[in-house]
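Written below as structure tokens is the structure these notes are about.
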Amino acid sequence: MTQIYERVALIGLGLIAGSMAHAMRRDGLAGEIVGYAKSAETRATVRELGFCDRVTESAAAAVENADLVVLCVPVGAMEAVAKEIGPALRPGVTVSDVGSVKRTVVDAVGPYIPDGAHFIPAHPLAGTEHSGPRSGFAELFEDRYTILVPVPDSDRAAVDRLGDLWRAMGALVEEMDPDHHDLVLAVTSHTPHLIAYTMVGVADDLRRVTDSEVIKYSAAGFRDFTRIAASDPVMWRDVFLNNKEATLEILGRFTEELFALQRAIRQGDGDHLHGYFTRTRAIRRGIIEAGQDTDAPDFGRVKARKG
Ligand code: NAP
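In terms of this note's numbering, the sequence shown opens at residue 9 and continues consecutively.
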């Protein structure tokens, strides 16, 4: 494939940045990839892994002469990073991010982007429960959506070029405005994560079921919650602090539905339960038909080979 950017700077070198670097290197999408992460330990790990051509000692040094800068830090760290790199950005650069919340990132980062630079927030809807520089892999974005969130004066050619990069990394690309993005993600990602965290917390508190039973019988459904609830605590703290309103709105609706189901169970209202579960099953079918999951048994997990 052809090179799309000459020099890409990745600020934050964890799961998402690592996956971008692997994908860009595999297909020669960037002439040079420069990286920076906060801790000396992560910088040393990335030098050892070699997925960046250079690792710098400051974010400002990383963005020098870059034509694409992608902020891959937790949402709560975006503003401080933008403040640091702002004066070092060259005219014509595209500045993007991969944060899971968009409105607060638009508001926090936007003011530090100088005139002549293109600010195009983005969010790849792809991830795993793993984090850190060793967790990335080139295929992470394949057939997953990346949402571009252009701000009102985003340059069309710059948006298209960023879209080309994501498509070349295997993603399906769509555009949305920041508030709509945050509401959609509150439904599809943020609230489900909170529910998973809660369910695992409840199991942890329930002393009548022993820890060994919870683990031994987890395949009955619980383990899918535990996978989600193993996600990075800093990232998810920042998601809820920054997508407060939409998450609270969806949680309010969730609580109402939960109470209705609770009453149906108490009153033995099988019709209500059956009707509800029939409706929700159709959503699962829709996800499989859209190619966003597999209907292989066991949620698509590959069984460990014996022997
Ligand atoms: P990650 O694996 O935990 O990596 C985060 C990176 O950010 C680390 O390299 C960390 O450096 C660095 N960092 C933190 N604060 C920093 C600062 N002030 N200056 C410079 N570097 C800093 O996280 P991730 O999963 O890649 O997530 C990164 C972003 O992508 C987040 O905004 C998240 O919301 C978004 N996202 C995540 C997923 C997912 O499923 N994981 C999916 C889509 C989008 P150290 O290692 O030195 O601490």
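Built from N, CA and C at the ideal position, the CB exists for glycine as well. Just so we're clear, the structure is a prediction, and the values are computed from it rather than from any experiment.
Quick check for students: name the residue ranges of the beta strand (DSSP E) that lie wholly in the region 20–55, counting only runs of 3 or more. 38–44
Short check: CB of His189 to CB of Val157, under 9 Å? Here residue 189 is taken as the residue at index 181 of the sequence shown, counted from 1. Here residue 157 is taken as the residue at index 149 of the sequence shown, counted from 1. Note that the C-beta distance between His189 and Val157 is below 9 Å.
Can you give the beta carbon distance from Pro141 to Leu21, rounded, assuming they're within the 8 Å contact cut? Locating residue 141 in the sequence shown gives position 133, counting from the first residue. Locating residue 21 in the sequence shown gives position 13, counting from the first residue. Yes, Pro141 and Leu21 are in contact; Cβ-Cβ is about 5 Å, under 8 Å.
Sequence-distant residues of the same chain with beta carbon closer than 6 Å to Ala116, five excluded per side: Against the sequence shown, residue 116 aligns to sequence position 108. If we look at Ala116 and ignore the five residues flanking it on each side, its Cβ neighbours are Met86 and Glu87.
Cβ neighbours of Arg34 in the same chain (closer than 7 Å, five flanking residues each side left out): Along the sequence shown, one-based indexing puts residue 34 at 26. Correct list, in chain order: Ala146.
List the whole-angstrom C-beta distance separating Leu23 from Ser143, where the pair is believed to meet the contact cut-off of C-beta under 8 Å. Residue 23 sits at position 15 when you count from the first residue of the sequence shown. Residue 143 sits at position 135 when you count from the first residue of the sequence shown. The Cβ separation is near 4 Å, so the contact holds.
C-beta contact flag for Val106 and Leu79 at 9 Å: Sequence index remark: in the sequence shown, residue 106 carries index 98 (1-based). Sequence index remark: in the sequence shown, residue 79 carries index 71 (1-based). In contact: Val106 and Leu79 (Cβ atoms closer than 9 Å).
Could you compute how far the alpha carbon of Asp75 sits from the alpha carbon of Asp123? Here residue 75 refers to the residue found at position 67 of the sequence shown. Here residue 123 refers to the residue found at position 115 of the sequence shown. Asp75 and Asp123 have their C-alpha atoms spaced approximately 15 Å apart.
My output table needs one value for Ser139: the three-state DSSP class, helix, strand or coil. Locating residue 139 in the sequence shown gives position 131, counting from the first residue. If DSSP states are grouped into helix, strand and coil, Ser139 belongs with coil.
Closest by C-alpha distance to Pro99, when choosing among Val71, Ser220, Asp172 and Tyr153: The residue given as residue 99 occupies position 91 in the sequence shown. Nearest of Val71, Ser220, Asp172 and Tyr153 to Pro99, Cα basis: Val71.
Confirm the yes/no value for this check: CB of Thr50, any heavy atom of the ligand NAP, distance under 8 Å. Position 42 of the sequence shown, counting from 1, holds the residue named residue 50. Relative to the ligand NAP, Thr50 has its C-beta within less than 8 Å of a heavy atom.
With distances taken from CA atoms, which of Phe59, Arg216 and Ser108 is nearest Met243? Indexing the sequence shown from 1 puts residue 243 at position 235. Among Phe59, Arg216 and Ser108, the Cα nearest to that of Met243 is on Ser108.
Does at least one heavy atom of the ligand NAP sit under 8 Å from the Cβ of Tyr44? Working through the sequence shown from its first residue, we reach residue 44 at position 36. Yes, since a heavy atom of the ligand NAP falls inside the 8 Å radius drawn around the Cβ of Tyr44.
Can you grab the Cα-Cα spacing for the pair Glu49 / Thr234, in whole Å? Position 41 of the sequence shown, counted from the first residue, corresponds to residue 49. Position 226 of the sequence shown, counted from the first residue, corresponds to residue 234. If you take the alpha carbons of Glu49 and Thr234, they lie about 28 Å apart.
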